[in-house]
Amino acid sequence: DAGVTQSPTHLIKTRGQHVTLRCSPISGHKSVSWYQQVLGQGPQFIFQYYEKEERGRGNFPDRFSARQFPNYSSELNVNALLLGDSALYLCASSLGLAGSYEQYFGPGTRLTVT
Amino acid sequence: AQSVTQLGSHVSVSEGALVLLRCNYSSSVPPYLFWYVQYPNQGLQLLLKYTSAATLVKGINGFEAEFKKSETSFHLTKPSAHMSDAAEYFCAVSSNSGGGADGLTFGKGTHLIIQP
Chain A
2 DAGVTQSPTH LIKTRGQHVT LRCSPISGHK SVSWYQQVLG QGPQFIFQYY EKEERGRGNF
62 PDRFSARQFP NYSSELNVNA LLLGDSALYL CASSLGLAGS YEQYFGPGTR LTVT
Chain B
-19 AQSVTQLGSH VSVSEGALVL LRCNYSSSVP PYLFWYVQYP NQGLQLLLKY TSAATLVKGI
41 NGFEAEFKKS ETSFHLTKPS AHMSDAAEYF CAVSSNSGGG ADGLTFGKGT HLIIQP
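For the record, the sequence lines run as chains A and B.
This note's numbering numbers the first residue of the first sequence as 2 and each following residue consecutively.
This note's numbering numbers the first residue of the second sequence as -19 and each following residue consecutively.
Set out below in structure tokens:
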């Protein structure tokens, strides 16, 4: 069975630009979460979507937004990129909202902002 | 609010020796606790989880962890280290407070080094 997939794998952007990252969850999973992992740190929660609605949001500025589509895939958008947005962006899917449900992670998208 | 503290950013053990990675959590409600492993340039793989059933949890690759409520700890152990265990390990906590909408809270990670 296919796991969580993310695209692209790597991305280089310039300060001030906009970026869109994509995630396809495991088949049958209705929840998608996004995390930012800065080098040398643990992942930080950005968003959780369930049944196409935003259900949770971490401490990130409004430059970060996301959406979930009817097929449960998801996009993460970041506007007005800053150097500090350089990180590995991880997508995770689960059957239900995070809690007792296991979250399965994709390989991530490595974003470099120059 | 919930938080995770992983003691020791780097842990070095000899091949065949006991592995002990420490994790303490803070949560205002009964927590769910997880250990994940991350190999270089990869995503996170779930090793094991505690969800209020047995306090001693067995996971993949010979790892296990014990939930100790009185110590607010969830330390990860493996009796005999293997070279392939070298990786970054993350402890994480979540709860059903708010319906589980707030995702996982991760520690900063512990880099496990295996000496031949």
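Glycine included, every Cβ here is placed at the ideal spot set by N, Cα and C.
Query                                                                                                               : Result
Partner residues on chain A for S74 of chain B, Cβ-Cβ distance less than 7 Å                                        : A99 and G100
Among B:F43, B:L26 and B:H91, the one whose alpha carbon lies nearest that of S(-11) of chain B                     : B:H91
Closer than 7 Å to chain A by CB, Y12 of chain B                                                                    : yes
Cutoff 7 Å: L92 of chain B Cβ touching any chain A Cβ                                                               : no
Residue environment, S32 of chain A, which counts as buried when at least 16 other CB atoms sit within 10 Å         : buried
Opposing strand residues paired with T57 of chain B [DSSP bridges]                                                  : B:L0 and B:E44
Whole-angstrom distance between G17 of chain A and T52 of chain B, CA atom to CA atom                               : 43 Å
Proximity test, Cβ basis, 7 Å: A81 of chain B and chain A                                                           : yes
Cutoff 6 Å; reference H19 of chain A; Cβ partners in own chain excluding five residues on either side               : N80
Cβ contact (3+ pairs, closer than 8 Å) linking the stretch 96 to 109 of chain A and the stretch 48 to 59 of chain A : yes
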